[in-house]
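Here is the structure we will look at.
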Amino acid sequence: MSMNQALSFTIGRGRWTRSGAVVSELIMLILIIVAIVAAVAGKVYVAAICGLILMLTFVSRLWTRLALVKVEYACLPSAKHLMEGDEFELTLTIENRKPLPLPWLTVSEILPDGLALEQQHQQTRKDPNLFQETVIRETTSLGQYERIRFYHRVRALRRGYYGFGPTRISSGDIFGFYEARLDTDRRAPELVVYPNTVAMPDFDLPPYRPMGDFWSRARFIDDETRPSGLREYRTGDAARHIDWKATARRDAAFVRTYDSSHAQRVVILLECDTAMERWRNYPMVLEATVTGAASVARRSIELGYAVGLISNGNAPSGPAPPMVPPGAGPDQLTALMTALAGARSHTSVQLPDMVARYGAEAMPAGATVVYIAAIFRPTTVNFIRELGRRGHRIVSLCAGGDEPPDIPDFPILDYRAVFKAAETDDE
Numbered sequence: 000m001s002m003n004q005a006l007s008f009t010i011g012r013g014r015w016t017r018s019g020a021v022v023s024e025l026i027m028l029i030l031i032i033v034a035i036v037a038a039v040a041g042k043v044y045v046a047a048i049c050g051l052i053l054m055l056t057f058v059s060r061l062w063t064r065l066a067l068v069k070v071e072y073a074c075l076p077s078a079k080h081l082m083e084g085d086e087f088e089l090t091l092t093i094e095n096r097k098p099l100p101l102p103w104l105t106v107s108e109i110l111p112d113g114l115a116l117e118q119q120h121q122q123t124r125k126d127p128n129l130f131q132e133t134v135i136r137e138t139t140s141l142g143q144y145e146r147i148r149f150y151h152r153v154r155a156l157r158r159g160y161y162g163f164g165p166t167r168i169s170s171g172d173i174f175g176f177y178e179a180r181l182d183t184d185r186r187a188p189e190l191v192v193y194p195n196t197v198a199m200p201d202f203d204l205p206p207y208r209p210m211g212d213f214w215s216r217a218r219f220i221d222d223e224t225r226p227s228g229l230r231e232y233r234t235g236d237a238a239r240h241i242d243w244k245a246t247a248r249r250d251a252a253f254v255r256t257y258d259s260s261h262a263q264r265v266v267i268l269l270e271c272d273t274a275m276e277r278w279r280n281y282p283m284v285l286e287a288t289v290t291g292a293a294s295v296a297r298r299s300i301e302l303g304y305a306v307g308l309i310s311n312g313n314a315p316s317g318p319a320p321p322m323v324p325p326g327a328g329p330d331q332l333t334a335l336m337t338a339l340a341g342a343r344s345h346t347s348v349q350l351p352d353m354v355a356r357y358g359a360e361a362m363p364a365g366a367t368v369v370y371i372a373a374i375f376r377p378t379t380v381n382f383i384r385e386l387g388r389r390g391h392r393i394v395s396l397c398a399g400g401d402e403p404p405d406i407p408d409f410p411i412l413d414y415r416a417v418f419k420a421a422e423t424d425d426e
């Protein structure tokens with residue numbers, strides 16, 4: 000975000016308050032009365048002193064009133080996408096875009112829980128009223144049309160979506176009589192921290208076609224990295240395949256065609272409940288489960304598979320989608336990791352309902368299903384058995400919690416030791 004997109008403060012925004020200095024409204028009223036009485040009584044020096052104090056007070060009020068006009072502030076991370084444990088630079092930029100100088104200005108920026116400063120100094124502290132959130136506080140002075148930057152090294156401790164703020168900017172007059180203060184809410188998420196992954200060199204999926212005759216509804220899919228030509232548009236063709244230049248030249252709609260490839264499609268079903276009782280929550284078990292899903296996604300992409308995801312820990316209205324359609328390539332891995340970054344344990348929908356909601360878009364015919372969970376609800380197990388009877392190949396992995404249960408005709412691979420999430424130190 001450039002300074003043109005930064006937070007710009009005007010008089011009408013925020014709260015304007017006094018700092019609690021000696022010149023209150025009552026004292027000003029008393030000074031006016033004393034000045035009038037002194038002038039009438041011929042006490043010139045007393046009237047002059049009262050008048051001087053009143054003039055300084057008026058100047059201070061006006062200065063403070065204008066202090067935060069045309070002040071711009073930006074809090075910018077050096078990266079938008081990170082892995083757990085990565086460091087980035089957080090830049091606080093303050094600019095005074097007016098001829099009136101600011102003798103002092105203080106910025107207080109709250110760093111959300113899950114991010115930690117690498118080098119804390121006297122201007123940075125833990126606020127006891129804000130749980131584990133850290134407050135970055137910088138105080139400076141700004142001349143006319145001056146810009147100042149402060150740099151902080153920050154480490155991403157946990158996966159998730161992070162928005163910075165709330166922010167408080169304070170300034171005032173040179174005498175310290177008054178203070179102007181403006182507050183902003185927490186901004187929309189602008190930093191995504193991906194979950195950890197572990198190496199899975201021995202992990203593979205059942206072969207797409209076993210030896211012998213085998214009938215499957217799975218089909219060849221178009222490989223967009225292998226263009227082959229053009230043809231006329233047909234009903235049902237995706238709009239993104241339309242070649243607009245060819246369409247304009249020929250006065251008819253044409254679409255690009257591609258050579259086909261028989262990439263095996265994999266759908267990861269991620270169970271985000273960590274206990275049979277929905278009110279229970281085991282964060283480390285969830286992290287192990289998400290690590291498992293991220294690791295399987297990465298390994299499957301490396302093997303050339305088209306990979307999708309369905310999770311019951313992502314709200315449809317949230318920044319992380321609960322469903323990612325199967326696809327291949329580095330961009331697909333980014334989409335999968337972005338969705339997994341927002342997975343939470345507070346679920347409201349069971350996985351079978353999620354699959355039914357999205358239908359064939361999320362679960363193509365013949366796709367291999369990798370079910371990753373820490374608990375195995377009977378309703379979900381029966382649903383996945385039914386997927387197997389419909390021609391899907393099933394791989395079930397236990398990622399955390401207790402030992403996997405012994406369920407007839409439902410083999411579960413124990414990957415708890417592989418996916419065990421490393422504990423992070425928030426100190």
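Per numbering that gives the first Met the number 0, the very first residue in the sequence shown carries number 0; after that it's consecutive. Just so you know, even glycine gets a beta-carbon here, dropped at the ideal spot from N, CA and C.
- prompt: Thinking C-beta only, is alanine 398 closer than 7 Å to threonine 288?
  reply: Going by C-beta atoms, threonine 288 is nearer than 7 Å to alanine 398.
field: Exposed unless 16 or more other CB atoms sit within 10 angstroms - verdict on phenylalanine 418
entry: Answer is buried; the Cβ neighbour count reaches 16.
Nearest to proline 363 (by Cα), restricted to the options Leu308, Lys244 and Val348: Minimum Cα distance to proline 363 is reached at Leu308.
- prompt: Can you round the beta-carbon distance between lysine 79 and leucine 190 to whole angstroms, since I take them to be within the 8 Å contact cut?
  reply: Lysine 79 to leucine 190, Cβ: 6 Å. Contact.
- prompt: In terms of residue numbering, what span does the alpha helix (DSSP H) encompassing leucine 302 cover?
  reply: Element bounds for leucine 302: n/a, residue is neither H nor E.
message: Buried or exposed for methionine 353, going by 16 or more other Cβ atoms inside 10 Å?
response: Flag for methionine 353 reads buried.
Alpha-carbon spacing of tyrosine 414 relative to valine 284, whole angstroms: Roughly 12 Å between the two C-alpha positions.
Rounded C-alpha distance that separates threonine 256 from proline 407: Computed Cα separation, rounded: 46 Å.
Where the beta strand (DSSP E) through tyrosine 193 begins and ends: Run containing tyrosine 193: 190-193, per the beta strand (DSSP E) assignment.
message: Taking 7 Å as the threshold (C-beta atoms), are tyrosine 281 and valine 254 in contact?
response: Going by C-beta atoms, valine 254 is not nearer than 7 Å to tyrosine 281.
- request: In the DSSP assignment, find the alpha helix (DSSP H) that holds glutamate 385 and state where it starts and stops.
  value: Counting along the chain, glutamate 385 sits inside the alpha helix (DSSP H) bounded by residues 377-388.
query: Assuming threonine 379 contacts glutamate 270 under a Cβ cut-off of 8 Å, what Cβ separation, rounded to an integer in Å, is found between them?
result: About 7 Å separates the two Cβ atoms, so the contact holds.
query: Skipping 5 residues on each side, what residues in its chain have a beta carbon closer than 7 Å to that of tryptophan 214?
result: With a pLDDT of 42 at tryptophan 214, under the threshold of 50, the predicted position of this residue should be treated as unreliable, though the coordinate-derived value follows. Here tryptophan 214 has no same chain residue with a Cβ atom under 7 Å from its own Cβ, once five neighbours each way along the sequence are excluded.
query: aspartate 203 by DSSP, collapsed to three states: which one?
result: Coil, per DSSP.
message: Quick test of the definition: if touching needs 3 or more C-beta pairs under 8 Å, does the stretch 86-105 touch the stretch 46-58?
response: These segments do not touch.
message: Would glutamate 117 and arginine 152 qualify as a contact pair, given that the criterion is a beta-carbon distance under 7 Å?
response: Going by C-beta atoms, glutamate 117 is nearer than 7 Å to arginine 152.
query: For the 8 Å Cβ check, are there 3 or more pairs between the stretch 170-185 and the stretch 62-75?
result: The stretch 170-185 makes contact with the stretch 62-75, as at least three CB pairs between them are under 8 Å.
field: Same chain, Cβ closer than 6 Å to alanine 46, five either side skipped, listed in chain order
entry: The answer, listed in chain order, is Ala34, Ala37 and Ala38.
query: Where DSSP assigns a beta bridge to aspartate 352, which residues make up the other side?
result: Answer is none; aspartate 352 lacks a bridge partner.
query: If you drop the 5 nearest sequence neighbours on each side, which residues of the same chain put their C-beta closer than 6 Å to that of alanine 416?
result: If the five residues before and after alanine 416 are omitted, its C-beta is found closer than 6 Å to no C-beta atom of its own chain.
- prompt: Since asparagine 95 sits in a beta bridge, which residues does DSSP pair it with?
  reply: As computed with DSSP, asparagine 95 is found in a beta bridge with Val70.
message: Whole angstroms are fine: how far does the CA of glycine 113 sit from the CA of glycine 317?
response: Here the alpha carbons of glycine 113 and glycine 317 stand approximately 19 Å from one another.
- prompt: How big is the Cα-Cα spacing for threonine 133 and valine 266?
  reply: C-alpha separation (whole angstroms): 39 Å.
- request: Would you kindly work out how many angstroms separate the C-alpha atoms of arginine 264 and phenylalanine 375, rounded to a whole number?
  value: When rounded, the distance between both Cα atoms is 24 Å.
Limits of the beta strand (DSSP E) - the one that phenylalanine 149 falls within: Here the beta strand (DSSP E) through phenylalanine 149 covers 146-155.
task: If I'm right that alanine 338 touches asparagine 313 with Cβ under 8 Å, what's the distance once you round it to whole angstroms?
output: That pair is a contact at about 6 Å.
task: Identify whether serine 140 lies in helix, strand or coil by the three-state DSSP scheme.
output: Serine 140: strand per DSSP, three-state reduction.
query: Which residues share a DSSP beta bridge with arginine 167?
result: The partner list for arginine 167 (beta bridge, DSSP) reads Ser107 and Asp182.
message: In whole angstroms, give me the CA-to-CA distance for serine 140 and glutamate 71.
response: Between serine 140 and glutamate 71, the C-alpha separation is close to 14 Å.
query: Taking the alpha carbon of valine 192 as the point to measure from, which residue in Ala342, Trp278 and Leu412 has its own alpha carbon closest?
result: Ranking Ala342, Trp278 and Leu412 by CA distance to the CA of valine 192 puts Ala342 first.
field: alanine 115: first and last residue of the uninterrupted beta strand (DSSP E) it sits in
entry: Taken as a continuous stretch (DSSP letters only), the beta strand (DSSP E) holding alanine 115 covers 114-116.
message: For a minimum of 4 consecutive residues, which ranges assigned as the alpha helix (DSSP H) are wholly contained in the stretch 276-361?
response: Runs found: 282-301, 329-340 and 350-357.
field: From Trp278, Gly291, Arg230 and Tyr177, residue whose alpha carbon lies closest to that of histidine 345
entry: It is Trp278 whose Cα lies nearest to the Cα of histidine 345.
- prompt: Is DSSP giving phenylalanine 87 helix, strand or coil here?
  reply: Here phenylalanine 87 sits in strand by DSSP.
task: Pull up the DSSP beta-bridge partners for arginine 264, would you.
output: According to the DSSP secondary-structure assignment, arginine 264 is paired through a beta bridge with Ala305.
query: In terms of residue numbering, what span does the beta strand (DSSP E) encompassing threonine 246 cover?
result: Membership of threonine 246 in any beta strand (DSSP E) is not indicated; the residue belongs instead to the alpha helix (DSSP H) covering 243-249.
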